[in-house]
Structures are given as structure tokens and as C-alpha cells.
Amino acid sequence: MSDKKEMLLPNLSVQQLEYLLAAANHKTRAAAAEQLGVTPSALTQGLTELERRVGLTLFERKGRSTVLRPQAKEVLEYARRIVAETKDLTYWAQAQREGTSGQIRFGAIDAIAVHHRASEIREFHESFPDVDLRLTVAPSGSLLKALLEGSLDLVACVEPEVVSEDLISEVFLEEPLLIYAPKEKVVKSTQNWGPWVSFPQGSHTRRIIASALAALGVSYEVTAESNQPEVLAEMVRLGLGWTVLPPAQANTGIDPLIPIKKKPLTKRRLVLIRRSSAPLDPAMEILVNYLKKIEP
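In the working numbering, the protein residues as written are 304 to 599.
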């Protein structure tokens with residue numbers, strides 16, 4: 304075993320190191336003190352205390368001036384590193400507080416990411432380039448699972464039937480759902496509606512559609528499924544069945560679908576969801592305001 308005692312580290316302050324840098328960069332203590340916004344006596348006291356804590360004499364007098372001694376070179380280089388890194392830390396912390404940096408793992412359904420809030424997401428990304436925005440586009444169920452598992456920080460999706468007590472949910476948009484049918488099969492009697500092409504079993508939107516059709520006494524026989532609204536719309540164009548979609552996703556392409564009625568079958572509520580245990584993140588709060596279309 305070594306007989307050497309553990310060396311005690313000097314208790315240096317960043318302020319004292321700032322004083323050293325200022326004194327080294329100015330011809331007089333008065334000029335250095337003016338740059339720092341302190342009195343010359345306060346500067347001198349701080350430098351004296353720095354010398355005491357380092358255990359070396361760092362300055363010597365030359366005429367009316369006080370100059371650094373050669374042995375102060377290593378202390379000066381150390382001061383430069385520490386002050387520079389402390390400034391970097393200060394700027395980083397300020398950016399974190401103001402929401403101008405950081406990372407956000409954001410998940411959204413395609414209707415939000417592609418249609419309703421595409422321009423807002425792009426504007427946020429362009430306005431805050433130092434925020435590492437990681438976007439995942441997926442169905443609501445997959446997004447909520449990822450949120451609960453901790454791999455996403457914020458989710459914009461269809462409102463689930465039940466929201467876990469571990470999550471905070473707020474509605475930010477209501478979206479109409481309209482009925483679309485193949486052109487040659489548009490009929491007035493609800494008894495003849497269908498068959499249907501729809502979102503997969505377990506989908507939040509499918510649950511809403513099934514409930515609304517059941518209230519009208521309409522049979523909901525699903526013959527084909529897809530998570531992608533564009534695929535469902537194409538199935539309708541091919542005559543494979545009827546569907547219920549948001550207009551934003553049915554009216555796309557060179558051959559937009561025309562609803563059988565202007566009045567929506569029902570509406571779905573789109574929500575922003577986050578974990579209740581997550582710490583307040585200023586960058587995420589700014590993104591939420593963009594998605595809610597609240598002016599910065």
C-alpha cells in the first residue's frame with residue numbers, strides 16, 4: 304500500500320479564476336475590475352484569496368504595475384479552461400430552461416404528422432434547430448405503448464377509450480369522420496351499406512366507427528383491413544368496400560373520394576398525451592403550444 308496521503312483539493316471558485324483572467328488581460332487592476340463590474344479592492348481581495356488557496360504567489364510588482372509570474376502560467380491555462388467550460392454550461396442550462404435545446408421523442412399518427420400539423424412541426428423544427436426532434440409516425444396503439452414504455456416523450460393520437468393514470472391527456476383537435484362508398488354502389492338505405500374496409504381490430508378509430516354505425520343499426524362487416532388511410536381509400540376506389548375516413552385523408556390524390564353525406568358519421572378526438580411522472584421540459588412545452596396552435 305502507498306504511504307502517500309490523499310491530497311486535499313484547493314477550494315477554488317469560478318469567480319476567482321475569472322479575476323485571474325481579467326488581471327492577465329489588462330494592464331491595470333482598475334481596468335480589469337471595470338471589465339468585471341467590481342471594485343479594484345474586490346478584485347485584489349479575490350486574487351489574494353486565489354493565491355492563498357493555490358499556495359503560490361501568482362503576481363509580482365513591476366513599478367506601478369502588477370504582472371503575472373512565470374509560475375502562474377499553468378494556473379492561468381487552468382482558469383481559461385474552467386471559465387470557458389462554465390460559460391458553456393451556463394449557455395446550455397439557459398437553453399434548456401428556455402426550451403431552445405434538448406431532445407424530444409415525439410410520436411404522431413399520420414393524420415397529424417402529414418395533414419393537420421405538418422406545417423407546425425416543420426416550423427418548430429426550423430425555429431429551434433438545436434432541439435433534437437425525433438418523430439415517429441405510427442398507429443395510436445403503438446404510440447401509446449411506446450409512451451408507457453418510455454421510448455417516446457409525447458404522443459399525438461386518437462383519444463383512447465381509457466387513459467392510464469400514469470398519463471396526462473388533453474384534447475387539441477376534433478376531426479370529422481365521413482362515409483365513403485364505391486361510386487357505383489352509393490345507396491340511400493342504411494341496410495345496404497357495406498361491406499366495409501377499415502382499420503385493424505383494436506384500432507381506436509375503428510372502435511369509434513363501429514360504435515357510430517351500431518347506433519344507426521348498420522351492420523359492420525369488415526372484409527379488408529389496413530393501418531394506412533390511403534390504402535383504405537384506394538380499396539374504395541377499386542370497389543372492394545365502403546369506409547369511414549377523415550376528409551383530410553380521403554380527399555388526397557388525383558381521384559379524391561366523395562362522401563355519401565356531407566354530415567359526418569361521427570367525430571374522433573385527437574389528444575396530446577405525456578407521462579405524468581415526466582419532469583417539465585420547456586422544449587416540449589413549446590412543441591405542445593405549436594401543436595395546439597398557440598402563438599409563441
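For each residue, glycine too, the CB sits at the ideal point set by N, CA and C.
Reduced DSSP category for residue i - H, G, I as helix; E, B as strand; rest coil
| i | result |
| --- | --- |
| T347 | helix |
| G542 | coil |
| L323 | helix |
| T369 | strand |
| V474 | strand |
| T331 | coil |
| P585 | helix |
| T569 | strand |
| E487 | helix |
| I385 | helix |
| R400 | helix |
| V465 | coil |
| L392 | helix |
| K376 | helix |
| I594 | The sequence as given places Leu at residue 594; Ile does not occur at that position. In this structure, L594 counts as helix in the three-state DSSP scheme. |
| P550 | helix |
| R356 | helix |
| I424 | helix |
| V341 | coil |
| S445 | helix |
| S316 | coil |
| L311 | coil |
Opposing strand residues paired with residue i [DSSP bridges]
| i | result |
| --- | --- |
| L406 | Note that residue 406 is Gln in the sequence shown here, rather than Leu. In DSSP, Q406 forms a bridge with D435. |
| P479 | K570 |
| E363 | V370 |
| I576 | V458, S472 |
| A411 | V440, A459 |
| P562 | Y483 |
Pair within 7 Å by beta-carbon distance, residue i and residue j
| i | j | result |
| --- | --- | --- |
| L481 | P550 | yes |
| T493 | L519 | yes |
| R571 | E478 | yes |
| V574 | H507 | no |
| L346 | A336 | yes |
| L311 | F427 | no |
| A325 | L315 | no |
| R437 | R408 | yes |
| E468 | V386 | no |
| L535 | V500 | yes |
| T403 | F431 | yes |
| G405 | V378 | no |
| R509 | F502 | yes |
| E352 | L594 | no |
| V466 | S472 | yes |
| R356 | P313 | yes |
| L361 | A375 | yes |
| T526 | G544 | yes |
| A515 | L568 | yes |
Selection from the options that minimises the alpha carbon distance to residue i
| i | options | result |
| --- | --- | --- |
| S522 | T546, R540, S506, S529 | T546 |
| A441 | A459, A421, S422 | A459 |
| T439 | S344, R400, K448 | K448 |
| S580 | L320, Q319, L450 | L450 |
| A484 | E473, I407, P498 | P498 |
| S445 | L457, V434, L436 | L457 |
| P463 | K491, I412, V417 | I412 |
| L371 | A398, T331, Q406 | T331 |
| L583 | G542, R400, I415 | R400 |
| G410 | A586, R577, A333 | R577 |
| F475 | I597, V539, Y381 | I597 |
| E537 | V525, E524, Q552 | Q552 |
| P343 | L361, L359, T369, G358 | T369 |
| V341 | E528, Q318, T389, G358 | Q318 |
| E380 | A334, G505, N328 | N328 |
| N530 | E388, P585, A414, L560 | A414 |
Cutoff 7 Å: residue i Cβ touching any chain B Cβ
| i | result |
| --- | --- |
| L359 | Checking the listed chains, one finds no chain B in this structure; it contains a single protein chain. |
The ligand ATP heavy atom lying under 6 Å from the CB of residue i
| i | result |
| --- | --- |
| I589 | The ligand ATP is absent from the structure shown, which contains no ligands of any kind. |
Ranges of the beta strand (DSSP E) found wholly within the region 489 to 540, counting only runs of at least 3:
499 to 501, 525 to 528
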